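Below is one structure; the comments refer to it alone.
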Amino acid sequence: MAPSQSSSATVLAVMVVLVLLGMGCPAAAMTACKDCMPQCNSTCSAANFAGAGPCGADCSPTPGCSGCLSYYQGKCMSGCLRACKSQTPGAYDCETTCKGNCSNQSSLCGVVCGESKTCTACKDNYSRGCTSCCTAYCKCHCV
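Position 130 (the sequence shown) corresponds to 129 in numbering that gives the first Met the number 0; numbering is contiguous.
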């Protein structure tokens with residue numbers, strides 16, 4: 000006995016809902032579609048999007064950006080220590096001074112630690128990826 004058209008339609012509808020839920024697209028909508036782009040632009044550019052649904056990986060700082068920053072902070076640290084030791088008395092705590100300068104990207108190390116073109120490009124790419132995923136996710140369940 001062949002299935003009726005109504006039971007086939009019901010099965011198809013249930014499958015569509017399950018697929019959408021599996022993609023992180025809830026059936027109920029909460030955000031106005033016109034608000035998706037501005038909302039995602041502001042939250043992702045501030046790097047504070049919570050990573051709801053499938054965007055967690057796109058909206059978390061990537062290992063590549065962290066690795067880039069660590070590399071430049073290492074360069075900052077070695078340069079700072081050399082300069083500090085050559086200009087201060089032997090008992091001066093260059094290690095602590097340089098850790099502060101390089102970790103908060105202040106003083107003479109600011110350019111090396113925080114403003115390298117490579118790190119800036121990495122952060123820009125991360126922000127674009129986050130915004131793109133956020134917008135797609137938002138449009139998936141907006142009204």
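Glycine included, each C-beta is placed from N, C-alpha and C at the ideal position. Keep in mind it's a predicted model, so treat the numbers as computed, not measured.
Of all alpha-carbon atoms in G78, A90, A135 and T30, the one lying nearest the alpha-carbon of C97 is that of G78.
Going by C-alpha positions, K74 is about 28 Å away from R127.
C129 places its beta carbon 8 Å or farther from that of C67. Setting aside the 5 residues that flank it on each side, T30 is surrounded in the same chain by C137 and C141, each with a C-beta closer than 6 Å to its C-beta; the list follows chain order. About 6 Å separates the Cβ atoms of C64 and K122, confirming a contact at the 8 Å cut-off. Under the DSSP assignment, T117 falls in the alpha helix (DSSP H) whose first and last residues are K116 to C139.
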